[in-house]
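Residue numbers (the working numbering), protein chains in the order written: chain A, 4 to 378; chain B, 144 to 432; chain C, 124 to 374.
Even glycine gets a Cβ: it sits at the ideal position worked out from N, Cα and C.
Given the structure is predicted, the values throughout are model-derived calculations rather than measurements.
The structure appears right after this line, and notes come after that.
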Amino acid sequence: MSGKTKTEMAIYAVVCLAILLVPVFLDDAFLLNKYARYLVLGMLAVALSLSWGYAGILNLGQATTFGLGSYCMAMALKLKTIPVHTGSDGLPDFMVWNNVTELPWFWKPFYSMSVGVAAGILIPALFAALLGWFMFRGRVTGVYAAITTLAAMVVVQLLIIDQQAYTGGFNGITDLAQFDVAGFAFDAYGPAIYYLVAICLTASLFIAFAITKSKAGLIVQAIRDEEDRVRFFGYDVALYKIFVFSVSGAIAGVAGMLYTIVMEFASPTFLGVPISLSVVIWVAVGGRQSLLGAMLGALIVTGMQGALSESETFLDSWTLIMGLLFVLVVLFLPKGIAGAVETIAGRFERRRTLARRQSRRADTVGEAPRLERLS
Amino acid sequence: MDIVVSQLMTGLSIASILMLVALGLAIIYGVTGVINLAHGEFVMLGAYVAWALQAEFGMGLLASLVPIFLIMAAVGWLVEVLVISRLYGRLLDTILATWGIGVMAQQAVRLVVGGELRYVQMPESLSKSVTILGATDSAYRLFILFVALALFGVTWVIYRYTNFGLKLRAITQNRAVASSFGINTSRIYRLTFAYGAGMAGLAGALVSPLKSVSPEMGTTYVVDAFMVVVLGGTQSLMGTLASSGILGELSGYLAFYSNDTIAKALVLVAIVALIRFRPQGLFTAHART
Amino acid sequence: MSSPQLVIDQARVSFSGFVAVSDLTLSVGQGELRCLIGPNGAGKTTALDLICGKTRLASGAVRFQDKPIHRLSEHAIARAGIGRKFQVPSVFRDLSVWDNLHIGRSARPGVLSNLLSFGQGDDKVEIERLAELVGLENDLKTPAAHLSHGQTQWLEIALILAQNPLLILIDEPTAGMTQQETKKTAELFCGLRGKHTLIVVEHDMGFVRDIAETISVMHQGKLLAEGTIGEIEANQAVRDAYLGSGGIGHA
């Protein structure tokens, strides 16, 4: 492992540790819930950074996989409320209102929570894999891939809204049971849920980190730079892209599940353009080519939003400010805050090595100098 | 018979608006390579300018068309100078920037004018209905069709017969070669952007008496117009004309026969399929390089 | 001699009606260093493209080691043992020289095996050897974007060598190189002779003289002549083909 990787890993670990320690110092159920929500969105940013920053696939529909995950969890949690929020035959309330008489087949597996959790990872991953297969096997890249992801998201959202009897339509799925593991219930307003989210965030951050540091991660970055060059080395470019796209989808799916647990409902707005736009903004601001930067970007921007939106005037101008911030970042900080930090750090590093080299040269006057390399 | 004609006329009316929006989008995309996600907001702003001119200065819609074109062209010019011109090396980023601009425009309008629906008066001389082949249609819709065709004609003449149009076509064919022949691309890009924005503004103004004006109205237009561009390709204006016609008629029928949500979803699925299987559009035989 | 390693058999390529290559038949033996020359627009680059799968044949066939490859996908052709150096040097500009070479080592191209591969592994020695071969041993940590034009050309050559293909297709390797760099490149290629089969498209006749055994001349999408440098220079048809472009030496 190179020194740079070690340093990076140490920084990642410190940040995750700091996040995990928050409940020790904070004893406010409401704030913990809010921070847990921010962390979930941070996970979503990690997912986008992986596909956009590393593989160059600008996913304007990252919320699709996020929403699919959240619906999987909501379906499982809804069926756990039998018979409180379901009719006598264990039918979710909104289905009763829509005159559905029998639980549809695709709801039935969600009686089991473990199936629900597995589905919340696999269905988003599978969706991403299929969409990726469709795009990348057909060499759809760049701007066109971005538009395709956006269109696909709106289609899924329209379908969910349209199929009200099975999905709750506009209202989404509400009045859910608490998530529990082996009898231990996760209260949306307790520290346990915060820890759950923080651990999932740490795990996905390090999984994504490991991928980017593997040779496969290197190849993916090479594909981002020069797709054709990679292809003519014998790598199946589409397969690599599909892989990264699916992992990104799976992480977003887990984030979606957690979001449902924290928010206590699922809604078609979770698959909406506004959320997708927000993720893109967070990642752009934080730095798309840094997983940690992207995550911190999400925390900073949503945190700022949360703080400012408490005052009435700011709530209205917030979107305007966000739009402006976004345009400015795109124009002047294409690699985001993380990119700027890296550039500054790199400049220091270069100055240091230069100084070291010069002092060494002073020591070794008389040896044959290799000047031709220095130009 | 009359129901067929009336369906046909509805379709043509949708098509003419679609074409006005898509024309600007297609020219901008063809010449500069930028997919302008703020194009719908240009439409929306055009509608609001029409509303403001009427509410504040009592100007009729017909009289305000030229000022609206000029104002929106100035907006487009400004956007190009301030933002787009800095991003020509990074096409993917232009999507982001124009998206951000669209968000800002929507929110700015919401802050300044308010989010409630606004209405623009139809010109009185055109508020009658006309009977064609047994079907009645509003004179205003016919007027829009006429204006759209006239604007298309003007654009076509510019494109085909002026020196400027020759440069546009050269750039659309091959950017690198065109600029190596000494064509001042940055000036052309600027003018193109301004022209496209002006056209979008006109589309917004013309549609404003038919539909209520709201900050969100642009979103649907940009999606449909994008579909027109994808279908028609960017190599010829005729492609844009033909595909607006097809899509206008099609969405007229779709809205008539099926539910709106599914119709919207189908349009998007069609976009995705076209991008995947025929990225150069239906009407162009373009070598893949 | 056994059957040739690469056979192009009556290949035809057209771009929306424009015929770039027609009836091209060419065979290259194993370990040979073949130069492909011809006036502009003769179809030389297209010939390389159709071998490596970048361009598809309208008709005809390409056989490599007696197996048809013209229907395989690009990565499958590369895996069969064909490497390609592009005319415009194409390296991964955001990545370091070391990472570039690491990617070039593509003997195991699968996603899973590369997912479990971290750090340098057993590639270290080979990567350092290649870097030294092209004079980049002191720039292993430098981002490829910071290299000079000549260095970038060499890096791409090193990438192809890292891939270690049986057949290497090279498109104008000396474009933009100084005379000294060109000379070094010629030495490098001569050293590869025998270990790899090379097909080199080149305009610089001095360079071709330095390296070539057999020269194939293309003209208007067809093979015009084939032979040693002396035979080619004496060939009347070749002279005629080059007439418009100021003679063979300056083409």
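Under a 10 Å Cβ-count criterion, A/R232 is classified as buried, with 16 or more other Cβ atoms of the shown protein chains found around its own Cβ. Taking C-beta atoms as the reference points, C/G227 and A/F235 fail to come closer than 8 angstroms. Look at the stretch 263-293 of chain A: the residues with a C-beta under 7 angstroms from a C-beta of chain B are L280, V283 and A287. The closest CA to that of A/L261, considering only A/V17, A/V49, A/L34 and A/F182, is found on A/F182. When Cβ pairs closer than 8 angstroms are counted between the two stretches, the stretch 101-121 of chain A is seen not to touch the stretch 244-252 of chain A, the count staying below three.
B/R419 belongs to the set of residues whose beta carbon lies under 8 angstroms from a beta carbon in chain A. With 16 or more neighbouring CB atoms inside 10 Å of its own CB, A/I196 falls in the buried class.
For the stretch 7-87 of chain A, the full-length alpha helix (DSSP H) segments reaching 4 residues or more read 32-51 and 65-82 along the chain. Against A/T170, chain B offers no close residue; the least beta-carbon distance is about 13 angstroms (beta-carbon pairs closer than 8 angstroms). CA-CA distance, C/F215 to A/T346, rounds to 19 angstroms. Here the stretch 246-261 of chain B makes no contact with the stretch 322-331 of chain B; the two share fewer than three CB pairs at distances below 8 angstroms. At a Cβ-Cβ threshold of 8 angstroms, A/I278 and A/F329 do not count as neighbours. DSSP places C/L292 in no alpha helix (DSSP H) but in the uninterrupted beta strand (DSSP E) bounded by L290 to D294. Around the Cβ of B/Y262, a 10 Å sphere holds fewer than 16 other Cβ atoms; the residue is exposed. Taking C-beta atoms as the reference points, C/S213 and C/E279 count as a pair closer than 8 angstroms.
Secondary structure of B/M265 (DSSP, three-state): coil. Counting only runs of at least 4 residues, the stretch 275-305 of chain B fully encloses the following alpha helix (DSSP H) elements, listed from N- to C-terminal order: 282-304.
In this structure, C/G166 and C/P288 do not form a Cβ contact; the two beta carbons are roughly 23 angstroms apart against a cut-off of 8 angstroms.
The alpha carbon of B/L384 has as its nearest neighbour, out of B/I160, B/L151, B/Q250 and B/N327, the alpha carbon of B/I160.
Taking C-beta separations shorter than 6 angstroms and ignoring five residues to either side along the sequence, the partners of A/L80 in its chain run L179 and A180, following chain order. At the C-beta level, B/V372 and B/A190 stay beyond 8 angstroms of one another. Between C/D333 and C/A309 the beta-carbon gap is near 4 angstroms, inside 8 angstroms, which marks them as a contact. If only uninterrupted beta strand (DSSP E) runs of at least 3 residues are considered, none is enclosed by the stretch 220-299 of chain A.
For B/I414, the uninterrupted alpha helix (DSSP H) run begins and ends at D403 to F420, by DSSP. Within a 10 Å sphere around the beta-carbon of A/K9 sit fewer than 16 other beta-carbons, which makes this residue exposed.
Counting C-beta pairs closer than 8 angstroms gives three or more between the stretch 341-349 of chain C and the stretch 128-146 of chain C, which meets the contact rule.
With fewer than 16 other Cβ atoms inside 10 Å of its own Cβ, B/I146 counts as exposed.
For B/I414, the chain A residues whose Cβ falls inside 7 angstroms of its Cβ are A154, in order along the chain. Straight across, the Cα-Cα distance linking C/E251 with C/P296 is about 22 angstroms. In this structure, the straight-line span from the alpha carbon of C/W221 to that of A/W136 is close to 31 angstroms. Apart from sequence neighbours up to five positions away, the residues of its chain that approach A/V18 with a beta-carbon distance below 7 angstroms are L295, ordered along the chain. For C/A181, the three-state secondary structure derived from DSSP is coil. Non-local beta-carbon contacts of A/Q167 in its own chain, meaning distances under 8 angstroms to residues more than five positions away in sequence, involve F97, N101 and F173 in chain order. By the Cβ criterion, the stretch 263-272 of chain B is in contact with the stretch 194-207 of chain B, since at least three pairs of Cβ atoms, one from each stretch, lie closer than 8 angstroms. If only complete runs of 4 or more residues are kept, the stretch 155-222 of chain B shows the alpha helix (DSSP H) at 182-200, in order along the chain. A contact is defined here as three or more CB-CB pairs under 8 angstroms, and the stretch 126-142 of chain C fails this definition with respect to the stretch 254-270 of chain C.
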